[in-house]
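Residue numbering for the sequence shown follows this note's numbering, starting at 347 and increasing by one per position. A virtual CB, placed ideally from N, CA and C, is assigned to each residue, including glycine.
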Amino acid sequence: MPKAYWITAYREIKDAAKLAAYAKLAPTALAPYGVRYLCRGNPNATFEAGLKERLVVSEFPSLEKAIAGSCTFPKTWMPGHRAGHDEQGWAA
347 MPKAYWITAY REIKDAAKLA AYAKLAPTAL APYGVRYLCR GNPNATFEAG LKERLVVSEF
407 PSLEKAIAGS CTFPKTWMPG HRAGHDEQGW AA
């Protein structure tokens, strides 16, 4: 079965402390879905219209696991996390 990936690109980080708390909880919350982080952090260089903000690439064992993780992440383990939180987008 092919693997699936989340590519999360932050466009703006409004509260670094909230992001740090969020980043600490994510691996534990997504562990049941088999997440493996390929990269988490800021890029060394960007090109064309790229933003030099946080980027996370998450690998899952299947598309089904990635989608299942997105259905509980982060609603069940950090409700209200987006209030005053960062602007981000992701794709699986």
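{"Query": "Quick one, are the C-beta atoms of R400 and N390 less than 8 Å apart?", "Result": "no"}
{"Query": "Classify K392 as helix, strand or coil using the three-state DSSP reduction.", "Result": "Reading off the sequence, residue 392 comes out as Thr, not Lys. In this structure, T392 counts as coil in the three-state DSSP scheme."}
{"Query": "Could you name the residues that DSSP lists as bridge partners for V403?", "Result": "I353 and C385"}
{"Query": "Evaluate F393 with the Cβ neighbour count: other Cβ atoms within 10 Å of its Cβ, from every protein chain shown; 16 or more gives buried, anything less gives exposed.", "Result": "exposed"}
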